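Input: a single structure, listed below in structure tokens.
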Amino acid sequence: MERKEVSAILQDDFIEFLKQNNLYDSYMKKELLCEYCQKPISEYNVFTIYFDTKIKFCCDNEKCIEFFNKRKKK
Ligand SMILES: [Zn+2]
């Protein structure tokens, strides 16, 4: 096992996750946005999925990852 706190999500897992959480339609409509830069999330740019009162996403933009990591330490 790799000891990474957050790992990139596999494309198949991402789609599967969306389907299981009834988010696939939103994804198709590009309504799933990065929590930090508001860019539409896809299986190609998703960095992580986390839960904070609701399901939120972070894209693979360096700045967003930085924000995400800072948020976790609080
Ligand atoms: Zn972002």
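If you're matching positions, the sequence shown starts at 23 in our numbering and goes up one per residue. Every residue gets a Cβ at the ideal spot worked out from N, C-alpha and C, and that includes glycine. Since the model is a prediction, treat every value here as computed from it, not as a measurement.
So, using beta-carbon positions, are residue i and residue j closer together than 9 Å?
| i | j | result |
| --- | --- | --- |
| K79 | I87 | Residue 79 is actually Phe in this sequence, not Lys. Result no, Cβ atoms of F79 and I87 do not sit closer than 9 Å. |
| N43 | C56 | no |
| L32 | I77 | no |
| K61 | N83 | yes |
Could you check which residue in the options has the C-alpha nearest to that of residue i?
| i | options | result |
| --- | --- | --- |
| F73 | D47, R93, L32 | R93 |
| E38 | S64, C81, K85 | S64 |
Can you tell me the Cα-Cα spacing of residue i and residue j, whole angstroms?
| i | j | result |
| --- | --- | --- |
| L40 | C59 | 20 Å |
| F89 | D47 | 27 Å |
| C53 | F36 | Here residue 53 turns out to be Glu, not Cys, going by the sequence shown. About 15 Å. |
| C81 | Y49 | 14 Å |
| F69 | K85 | 12 Å |
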